[in-house]
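Written out below as structure tokens is the structure these notes cover.
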Ligand SMILES: [Zn+2]
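Residue numbers (the working numbering): 3 to 283.
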């Protein structure tokens with residue numbers, strides 16, 4: 003790749019094989035089982051920095067076990083920073099508290115949560131009870147105290163951008179949010195983009211990335227963000243590796259109709275600022 007890159011969306015932890023829609027599947031040719039695999043990715047891709055979070059599994063409690071793999075990555079791979087899995091689900095309250103209290107390493111810079119695993123709860127606060135609300139506010143307080151961004155999965159179902167809109171109305175001012183995937187597929191993107199612009203205009207500290215989005219989505223959001231002062235500083239670059247790859251995601255940015263300076267921001271500088279990583283030398 004011809005530009006310097008901060009990949010702000012990498013996963014660690016095996017996904018493996020499972021029964022899905024009545025068939026056994028093993029979708030990944032390459033897995034990031036541990037820091038060694040992530041190190042190989044960093045070396046092969048030539049990225050300058052990366053932010054790694056646990057792989058999403060259906061079982062929230064197992065997602066927490068992968069926080070140890072994130073810690074290994076930040077300790078052993080100089081280019082990697084990390085985000086810890088947290089969850090406001092009532093059965094995950096203790097796991098979340100323990101995960102947050104265990105954070106010692108200065109290269110842990112984020113929390114990650116995925117509403118896909120929230121069962122009857124969604125991003126819409128109308129679906130929450132007192133315990134869930136308390137856990138969510140505990141996560142927000144910790145992120146504020148530590149100066150962390152919170153990565154939130156966006157897509158369909160519980161992660162639908164209309165539900166995220168309800169969350170933002172209630173909690174938009176409470177945190178710095180990296181809303182990964184910008185809605186993910188066509189239907190989600192059609193809902194996400196106009197709302198993302200509104201959240202910025204409302205003064206929220208929100209960011210998104212292009213990974214898994216069809217290319218019309220990133221061209222559209224870049225056009226809309228270009229009309230707002232500092233709008234193109236809200237786009238980060240990610241690969242969701244090993245779920246997508248550097249080459250195809252990079253060219254979505256490289257072929258945008260924006261200046262070289264803006265490409266440099268999207269691919270590197272914006273994420274350095276959001277995750278508090280020393281800027282480009
Ligand atoms: Zn992801």
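Where is the CB? At the ideal position from N, CA and C, for every residue including glycine.
| query | result |
| --- | --- |
| Spatially closest choice to residue 210 from 12, 242, 182, by CA coordinates | 182 |
| Inter-residue spacing [alpha-carbon to alpha-carbon] between residue 23 and residue 263 | 45 Å |
| The segment 138-145 in contact with the segment 167-186 per 3-pair CB rule at 8 Å | yes |
| Exposure of residue 26, with buried meaning 16 or more beta-carbon neighbours within 10 Å | exposed |
| Closer than 6 Å: residue 96 CB and nearest ligand 1 heavy atom | no |
| Three-pair Cβ contact test at 8 Å for the segment 37-48 versus the segment 7-16 | yes |
| Ligand 1 heavy atom lying under 6 Å from the CB of residue 242 | yes |
| Closest Cα partner of residue 87 within the set 193, 257, 151 | 151 |
| contact_flag[the segment 157-169, the segment 115-131] where n(CB pairs < 8 Å) is 3 or more | yes |
| Length-filtered (3 minimum) beta strand (DSSP E) runs lying within the segment 9-96 | 20-22, 25-27, 51-56, 82-87 |
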